[in-house]
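J.:
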Amino acid sequence: MGLVVVAPGAAVLTPMGMDKSGDLPVGKDTSGMKVSGWAARSGYPDTVISAGNNEILLSTSGAGIARCRVTLTAGWNPGVGGGGFRVSLMQNTTEIKAADFAVSALFVALPDTPVTVQPGDRLWLAVSNTTTSFLGVTATVKGGSGTYVTFDAV
Numbered sequence: 198m199g200l201v202v203v204a205p206g207a208a209v210l211t212p213m214g215m216d217k218s219g220d221l222p223v224g225k226d227t228s229g230m231k232v233s234g235w236a237a238r239s240g241y242p243d244t245v246i247s248a249g250n251n252e253i254l255l256s257t258s259g260a261g262i263a264r265c266r267v268t269l270t271a272g273w274n275p276g277v278g279g280g281g282f283r284v285s286l287m288q289n290t291t292e293i294k295a296a297d298f299a300v301s302a303l304f305v306a307l308p309d310t311p312v313t314v315q316p317g318d319r320l321w322l323a324v325s326n327t328t329t330s331f332l333g334v335t336a337t338v339k340g341g342s343g344t345y346v347t348f349d350a351v
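Just so you know, the sequence shown maps onto residues 198 to 351 in my numbering.
(1) Inspect the CB distances between the segment 336-347 and the segment 254-269 and report whether three or more fall short of 8 Å.
(2) Using the three-state DSSP reduction, which class does Tyr-345 fall into: helix, strand or coil?
(3) My guess is that Leu-269 and Leu-303 are in contact by the Cβ rule of under 8 Å, so how many angstroms apart are they, rounded?
(4) Let's see if you can read the secondary structure: which residues bound the beta strand (DSSP E) around Pro-308?
(5) Which residue or residues does DSSP assign as beta-bridge partners of Phe-331?
(6) Check this for me: beta carbons of Val-312 and Gly-280, under 7 Å apart or not?
(7) Could you give the residue range of the beta strand (DSSP E) that holds Arg-283?
(8) Rounded to a whole number of angstroms, what is the C-alpha to C-alpha distance between Val-202 and Ser-247?
(9) What are the boundary residues of the beta strand (DSSP E) that Ala-237 is part of?
(10) Can you list, in chain order, the residues of its chain with a C-beta nearer than 6 Å to that of Phe-298? Leave out the 5 residues immediately preceding and following it.
(11) Give me the Cα-Cα distance between Glu-252 and Ser-325, rounded to the nearest whole angstrom.
(12) Which residue comes first and which comes last in the beta strand (DSSP E) that contains Leu-320?
(13) By the three-class DSSP mapping on this structure, what secondary structure does Glu-292 have?
(14) Straight-line CA distance for Gly-276 to Gln-315?
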């Protein structure tokens with residue numbers, strides 16, 4: 198009878214997702230602000246969120262798809278002075294996908310983003326408000342399931 202060697206099972210990528218918990222005002226002249234205050238998203242029971250409630254923490258290596266959506270409490274309007282509101286999906290310190298809100302838009306959903314991760318990698322959202330109006334324009338990121346970050350294995 199031959200000897201059969203069984204390799205230990207490879208670590209499996211765990212799907213993770215988080216929803217924004219509570220609203221977050223983002224004032225004018227804000228650049229690269231980390232969106233804070235998250236809770237595990239329904240359907241993603243094994244999600245690990247950093248102690249500061251700001252990032253998904255990945256524990257295995259592999260390929261996956263990151264998704265995110267940001268909803269505002271009111272349609273984006275930069276006011277008379279112009280400016281923009283940008284959403285950036287971040288992996289560690291690198292922007293991996295970004296989009297700007299169109300005038301009157303209530304949400305931005307970034308397209309599926311293929312990403313390769315390593316143990317200890319972090320996925321998180323940053324926002325920038327570049328309005329130049331004298332009075333400034335505050336955009337408020339809406340809490341709940343309309344603002345989220347997810348990671349799913351492929």
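All C-beta atoms in this analysis are idealised placements derived from N, C-alpha and C, irrespective of residue type, glycine included.
T.: In this structure, then:
(1) yes
(2) strand
(3) 6 Å
(4) 304-314
(5) Answer is none; Phe-331 lacks a bridge partner.
(6) no
(7) 282-288
(8) Residue placement at Val-202 is poorly supported in this model, since its pLDDT is 45, which falls under 50; the coordinates still yield a value, given next. So the two alpha carbons sit approximately 38 Å from each other.
(9) 235-237
(10) Trp-273, Phe-282 and Val-305
(11) 17 Å
(12) 319-326
(13) strand
(14) 42 Å
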